[in-house]
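Here is the structure we will look at.
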Amino acid sequence: LSSLTGELFTARQEVQVVAGFEALENNLPLVQARASFQALKEAVGGRSAEEKDLQAQLLENKKRLAGLLKKVQRDYGHDLAEIEKKELAGQPVIIPTPDQIVKTRQSLEDRERRLGEANNSITKISGDIKKLEGRLAEILKDFTAEQQLAMPCYEHESRYRREIARTGQLIDSYEQKIKNEMAIMARAEKKFNDLGYQRGFYQDFLARESVENSGVLASELKDYQQFEKEYRRRWGAIQDLYIKWDDRLKTIQAETAAFVIREPLAELAKIGRPESLAQCQAKKAAFDEYQANIAEQVQKITNDIGWLESYQADFTRRCIQRAELVLGHIKKLEALSRIEVYGRRINMIELRLREFEAKDKQMRMKEHIDRIVRDVGEEGQVDRKRIAAWLSTKELLARIADMDRAAVRLYKVESIGENSRFYRWEHAIGSEGQNNSLYFIFAACLISFIRMLSITTSEVRTKKVIIVDNPFGATSAVYLWEPMFKILQQNDIQLIAPGHRIPREITSRFAVSYLLNQDILQDGRRRVVIKDVRSEEDE
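The sequence shown begins at 150 in the numbering used here and counts up one residue at a time.
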């Protein structure tokens, strides 16, 4: 409204400007008429200025002519008329020089030419002013006197130009706004028509698919073609889910045929396919609650399994520790057989047991315990004897060491030291004396090993006794008895060995030697008596 008021004020000022012109018929549009008036006004303004300039020049020329007349009067003492009379009267007259005449003539011609141009310009400007006045009158004829009086009147042409330019800009702006609004209306009308088509499509869809209109407004309106594609896609997905649902129920029934707890599965089999969104949401909520309960039970079972796994891990660790303890004791057997042979310290017994890596021990022991638990679960009863056999030292030791490749090697002493070497237990075969020496050394170390396991403290050195009946027959070589005596001394073992015709080199190694004799009693019985006792000071 304020904009229209401003335009009305501007129009009234324009009426005042053209109020003094005569009426002139004009069929041009208002904008074009305004432009023509402004152009004529500018032209008239320019011509008026030029006319004023020419008039000023004409006045200046008249003044100069009067001055020249005065100069002639002053220079010649007479004016031109008097000079002419004097010439007619035969009086002497001073004639100007040719140069003066040429210059004077040229000056006069130039002034006449300029005066003519000024007159022509004045005439043309006057005609233009009349035309502009006529056009202005034609422009103002549609305005009332009050409107013409309300039109602004400015002193300078530049102000009129600025106001006319601003008015033209406003008119252009309004025309552009009108075009924009018309375009918006056209788009709105097109959208309205499209919505009508979409409404028809959706109504046909509701009728075709037998969908009940709930009256709920959608958050957005989708294009029907897009909606139709999405609907078909989702409908196909729902049908696929129906098929998967039926297949899943059949699979669950087949997989859980042997389950003991069947009540949840029976309830699950009773669930039918939902026929509506409300049923689907209700069943989804029921499933969520059911899953929450299952998750709670699963969490509880998981916690119980975690405790059981911790118990199993602890039991596995203890079994490994037990097996490692036994393996450590077994390895001590080598130290019990360490003596000096031919000037070199050597273990007479060598055990080759390849121990697995820590992670392999853990894995093998866990698999062994899992197999025990699985076998007990499959049989459904607990056989303590079988479990004890599975957890025996032998079985546990086989989990941490490669017992299939375990080897016991014995050092076979030869009469020539360079020929002495290790042999596997099953290959350590020589003469009868060599065999007896090997077995005797092994037996002595084994007795000491067993005694070591039976005592409560390892700081106490215990005495052991071995009684052998006449070991000197087949084993009479001194080089065989030398390591045997060293083993006895190393392990604090006392040897009691009766014999006949024992070599001095051997009997000298005993601390005490008893010479036995046989007495025949009167009743025919025989009695063994000590005939003599000999003691070796160095033993």
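Using N, Cα and C, we set each Cβ at its ideal position, and we do this for glycine too.
All values reported here derive from a predicted model rather than from experimental measurement.
query = From Glu199 to Ile327, what distance separates their C-alpha atoms?
reply = 44 angstroms
inquiry  = Spatial neighbours of Asp687 within its chain, please: C-beta separation below 7 angstroms, excluding the five flanking residues on both sides.
reply    = Annotation note: pLDDT 43 at Asp687 (below 50); position unreliable, no value reported.
query = Do Ala555 and Leu482 have their CB atoms nearer than 7 angstroms?
reply = In this structure, the beta-carbon distance from Ala555 to Leu482 does not fall below 7 angstroms.
ask   = Roughly how many angstroms lie between the CA atoms of Ser425 and Gly385, to the nearest whole one?
value = 15 angstroms
inquiry  = If distances are taken between C-alpha atoms only, which option among Ile590, Cys594, Glu563 comes closest to Gly579?
reply    = The option with the nearest alpha carbon to Gly579 is Glu563.
Classification of Phe158 by the beta-carbon crowding that lies within 10 angstroms, buried from 16 upward = exposed
query = Mind pulling the beta strand (DSSP E) runs of 3 or more residues that sit fully within the region 629-680?
reply = 642-645, 661-669
Assigned secondary structure, Arg570 (DSSP; H/G/I helix, E/B strand, else coil) = strand
ask   = By how many angstroms is the C-alpha of Asp681 removed from the C-alpha of Asp672?
value = 25 angstroms
key: Per-residue burial, Gln583 [other beta carbons within 10 Å of its own, 16 or more giving buried]   = So Gln583 ends up on the buried side.
inquiry  = Since Ser662 and Arg683 should fall inside the 8 angstroms C-beta cutoff, what is the C-beta to C-beta distance between them, to a whole number of angstroms?
reply    = 4 angstroms
request  = Report yes or no: do three or more beta-carbon pairs, one from the region 255-273 and one from the region 201-209, lie closer than 8 angstroms?
outcome  = yes
task = For Ala556, write down the residues that DSSP places opposite it in a beta bridge.
result = Arg501
message = Taking only three categories from DSSP, how would you classify Glu489?
response = strand
ask   = Does the Cβ of Glu282 have 16 or more other Cβ atoms within 10 Å, making it buried, or fewer, making it exposed?
value = buried
key: Meets three-Cβ-pair contact criterion under 8 angstroms: the region 488-502 and the region 589-602   = yes
query = Which residue spans inside the region 277-310 form an unbroken alpha helix (DSSP H) run of at least 4?
reply = As far as the region 277-310 is concerned, its whole alpha helix (DSSP H) runs of at least 4 residues are 294-299.
ask   = Can you list, in chain order, the residues of its chain whose CB lies under 6 angstroms from that of Arg558, leaving out five sequence neighbours each side?
value = Glu499, Phe571, Arg573
ask   = Closest Cβ-Cβ distance between Leu482 and chain B: below 7 angstroms?
value = Judged by its chain identifiers, the structure shown contains no chain B, having just a single protein chain.
task = Return helix, strand or coil for Arg397, following the three-state DSSP convention.
result = helix
Beta-carbon gap between Lys515 and Thr451 smaller than 7 angstroms = With respect to the 7 angstroms criterion, Lys515 and Thr451 are not classified as neighbours on the basis of their beta carbons.
request  = Specify, as a first and last residue, the run of the alpha helix (DSSP H) that Lys515 falls within.
outcome  = 507-528
query = Does the Cβ-Cβ distance between Tyr373 and Phe350 come in under 7 angstroms?
reply = yes
query = Would you call Tyr560 buried or exposed, if buried means 16 or more other Cβ atoms sit within 10 Å of its Cβ?
reply = buried
task = Going by DSSP, name the residue or residues bridged to Lys561.
result = Bridge partners of Lys561: Arg570.
ask   = For Pro632, is the classification buried or exposed, using 16 other Cβ atoms within 10 angstroms of its Cβ as the cut-off for buried?
value = buried
task = Could you tell me which residues DSSP puts in a beta bridge with Arg494?
result = Glu489
query = By how many angstroms is the C-alpha of Arg422 removed from the C-alpha of Tyr774?
reply = Nothing about residue 774 can be read from this structure; the chain reaches only from 150 to 688.
Lys371 - DSSP class collapsed to helix/strand/coil = coil
ask   = Between the C-alpha atoms of Gln448 and Ile604, what's the straight-line distance to the nearest angstrom?
value = 50 angstroms
inquiry  = I'd like the list of long-range same chain contacts for Val678, defined as Cβ closer than 8 angstroms, with 5 residues on each side in sequence excluded.
reply    = Leu665, Asn666, Gln667, Asp668
key: Cβ shell of Ile521 (< 7 angstroms), same chain only, five flanking positions each side left out   = Ile536, Trp539
ask   = What do you reckon, are the CB atoms on Val627 and Glu654 nearer than 7 angstroms?
value = Less than 7 angstroms separates the beta-carbon of Val627 from that of Glu654.
message = Using 7 angstroms as the threshold, is the C-beta distance between Ile590 and Ile615 below it?
response = No, they are not a contact pair.
request  = Reducing DSSP to helix, strand and coil, say where Arg422 ends up.
outcome  = coil
task = With a threshold of 16 other CB atoms inside 10 Å of the CB of Met300, please say whether the residue is buried or exposed.
result = Burial call: buried.
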